[in-house]
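Chemist: The opening residue of the sequence shown carries number 19 in the numbering used here; numbering runs sequentially from there. C-beta atoms are modelled at their ideal positions from N, C-alpha and C, and glycine is treated no differently. A quick note: this is a predicted structure, and the numbers were derived from the prediction, not measured. Starting off with a structure, shown below.
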Amino acid sequence: MTLVSMKDMLLQALKGNYAVGQFNLNNLEFTQAILQAAQEEQAPVILGVSEAYIPYMGGLPCIAGMVKALIEHYGITVPVALHLDHGSTYEVCIRALHAGFTSVMIDASHHSLEFNIDVTQRVTQAAHVIGATVEAELGRITGREDDLVVDDADGMYAVSEDCVALVNATGIDCLAPALGSVHGPYRGQPKLGFERMEEIQKLTGLPLVLHGGSGLPDAEIRRAIELGTSKINVNTDNQMACTATIRRFLNENPQAYDPRNYLIPAREAIMASVQAKIRLFGSSGKAGGS
Ligand code: 13P
Numbered sequence: 019m020t021l022v023s024m025k026d027m028l029l030q031a032l033k034g035n036y037a038v039g040q041f042n043l044n045n046l047e048f049t050q051a052i053l054q055a056a057q058e059e060q061a062p063v064i065l066g067v068s069e070a071y072i073p074y075m076g077g078l079p080c081i082a083g084m085v086k087a088l089i090e091h092y093g094i095t096v097p098v099a100l101h102l103d104h105g106s107t108y109e110v111c112i113r114a115l116h117a118g119f120t121s122v123m124i125d126a127s128h129h130s131l132e133f134n135i136d137v138t139q140r141v142t143q144a145a146h147v148i149g150a151t152v153e154a155e156l157g158r159i160t161g162r163e164d165d166l167v168v169d170d171a172d173g174m175y176a177v178s179e180d181c182v183a184l185v186n187a188t189g190i191d192c193l194a195p196a197l198g199s200v201h202g203p204y205r206g207q208p209k210l211g212f213e214r215m216e217e218i219q220k221l222t223g224l225p226l227v228l229h230g231g232s233g234l235p236d237a238e239i240r241r242a243i244e245l246g247t248s249k250i251n252v253n254t255d256n257q258m259a260c261t262a263t264i265r266r267f268l269n270e271n272p273q274a275y276d277p278r279n280y281l282i283p284a285r286e287a288i289m290a291s292v293q294a295k296i297r298l299f300g301s302s303g304k305a306g307g308s
């Protein structure tokens with residue numbers, strides 16, 4: 019199956035009351051594990067690549083090429099979108115689309131609303147010409163975004179009127195309003211703004227995106243989905259599953275040196291972690307739509 023945009027998968031998810039997982043790529047093993055988990059679960063899936071990982075994984079063409087080759091190698095038949103996560107500029111979004119990504123997030127949430135609207139509008143116009151989808155953010159999702167620590171308690175909840183203005187002016191395909199979720203491990207009890215979530219979804223009519231999907235109680239995930247969250251981003255939980263497996267193996271086998279000895283079990287742990295999220299999000303068996 020060739021890569022697809024997020025458009026149909028998110029509209030089907032909104033209609034069918036489930037969410038599609040965005041799982042972030044960290045390296046080859048993550049990509050293999052996520053694709054195989056989605057295929058095993060017969061679930062649509064979004065592969066997220068955040069900006070800091072572009073140089074780490076050898077550049078955008080290398081990432082797009084690796085994903086396409088693995089889809090062919092494993093005979094993946096479920097819908098797969100390749101999505102730039104937290105693109106910070108117009109330029110990086112266009113470079114991702116040019117390399118073969120089918121979806122981009124333009125994250126100008128730390129700029130003024132006017133600037134956010136302007137750059138999101140330009141990215142959306144360009145992406146839609148080639149049938150790619152666009153996600154935008156409003157408010158600040160705190161915590162750790164790659165190597166950047168974001169801490170802004172005031173901006174943690176997006177303003178409904180700003181969301182309507184951004185959506186109406188730009189024609190984006192889905193919206194990530196900051197509603198109290200954080201990237202990375204939670205410090206204390208998460209407080210998601212469910213009332214605001216419901217209001218924003220009703221006012222915009224768009225599929226909503228929940229960032230910081232790791233470490234949230236299952237009940238909060240289910241409530242978010244009921245209120246129109248159709249895409250949930252997860253990275254930290256998969257990273258923790260991977261690293262715990264490697265740590266355990268190396269502690270028990272200090273003489274080991276062949277990377278396959280610890281990377282194969284690590285890949286299996288990532289796959290199990292992704293499959294558990296897919297089931298929780300209700301997208302298992304939804305490869306053909308809702
Ligand atoms: P976590 O790492 O907290 O799961 O967040 C992932 C994310 O939101 C990527 O955009």
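So, with DSSP's three-state summary, where would you put N251?
Modeler: strand
Chemist: Taking G230 as the reference, which of K220, T254, E216, E213 has the closest Cα?
Modeler: T254
Chemist: Taking just the CA atoms, how far does C260 sit from I135?
Modeler: 38 angstroms
Chemist: Find the nearest neighbour of E109 within the set G149, D125, I296, R278, judged by alpha-carbon distance.
Modeler: D125
Chemist: Buried or exposed for E179, going by 16 or more other Cβ atoms inside 10 Å?
Modeler: exposed
Chemist: Checking contacts by CB at 9 angstroms: is V152 closer than that to chain D?
Modeler: This model lacks chain D altogether; it includes just one protein chain.
Chemist: Since V63 and G93 are thought to touch, with beta carbons under 8 angstroms apart, how far apart are those beta carbons, to the nearest angstrom?
Modeler: No, V63 and G93 are not in contact; Cβ-Cβ is about 15 angstroms, not under 8 angstroms.
Chemist: Quick one: any contact between the segment 193 to 200 and the segment 145 to 159, if contact means 3 or more CB pairs under 8 angstroms?
Modeler: yes
Chemist: On a Cα-Cα basis, can you pick out the residue from F41, T247, R265 that is closest to L29?
Modeler: In terms of CA proximity to L29, T247 leads the group F41, T247, R265.
Chemist: Thinking A70 and V292 are a contact (beta carbons under 8 angstroms), I'd like their distance in whole angstroms, please.
Modeler: So it is not a contact: roughly 21 angstroms between Cβ atoms.
Chemist: For the candidate residues P203, L245, Q207, P235, whose alpha-carbon lies nearest to that of M215?
Modeler: L245
Chemist: L309: buried (16+ other C-beta within 10 angstroms of its C-beta) or exposed?
Modeler: Only positions 19 to 308 of the chain appear in the structure, and residue 309 is not among them; the question remains open.
Chemist: Hey, quick one: how far does the alpha helix (DSSP H) through A154 stretch, first residue to last?
Modeler: Where A154 is concerned, there is no enclosing alpha helix (DSSP H), although the beta strand (DSSP E) it sits in stretches over 151 to 156.
Chemist: Using the three-state DSSP reduction, which class does S291 fall into: helix, strand or coil?
Modeler: helix
Chemist: At the level of alpha carbons, what is the spacing between H146 and A117?
Modeler: 16 angstroms
Chemist: Whole angstroms are fine: how far does the CA of F48 sit from the CA of N42?
Modeler: 8 angstroms
Chemist: With 16 other CB atoms within 10 Å as the buried threshold, where does C80 fall?
Modeler: exposed
Chemist: Quick one: does the C-beta of G230 sit closer than 8 angstroms to a heavy atom of the ligand 13P?
Modeler: yes
Chemist: Based on DSSP bridge pairs, tell me the residues matched to H101.
Modeler: G66, S121
Chemist: With DSSP run on the structure shown, which of helix, strand or coil describes Q40?
Modeler: Residue state for Q40 is assigned as strand, using DSSP reduced to three classes.
Chemist: Nearest-angstrom Cα distance between D164 and L234?
Modeler: Any reading at D164 needs caution, since the residue's pLDDT is 49, under 50, leaving its predicted position unreliable; the model's value is listed next. Approximately 19 angstroms between the Cα atoms of the pair.
Chemist: Mind checking whether T107 and V152 have CB atoms under 9 angstroms apart?
Modeler: no
Chemist: Give a single yes or no on whether S68 has its beta carbon closer than 8 angstroms to a heavy atom of the ligand 13P.
Modeler: yes
Chemist: Helix, strand or coil for P10? Go by DSSP, reduced to three states.
Modeler: In this structure the chain extends from 19 to 308, so residue 10 is not present and cannot be described.
Chemist: Per DSSP, L228 forms a beta bridge with which residues?
Modeler: I250
Chemist: Between L298 and R240, is the Cβ-Cβ spacing less than 9 angstroms?
Modeler: yes
Chemist: Here's a check: name, in chain order, each residue in its chain whose Cβ is nearer than 6 angstroms to the Cβ of M27, leaving out the five neighbours to either side.
Modeler: Taken in chain order, the residues that qualify are V38, P62, P97.
Chemist: If you follow the alpha helix (DSSP H) that A51 is part of, which residue opens it and which one closes it?
Modeler: Its alpha helix (DSSP H) spans residues 46 to 59.
Chemist: Are the CB atoms of Q60 and G223 within a distance shorter than 9 angstroms?
Modeler: Q60 sits away from G223, with the two beta carbons spaced by 9 angstroms or more.
Chemist: What residue range is occupied by the uninterrupted alpha helix (DSSP H) comprising L131?
Modeler: 131 to 147
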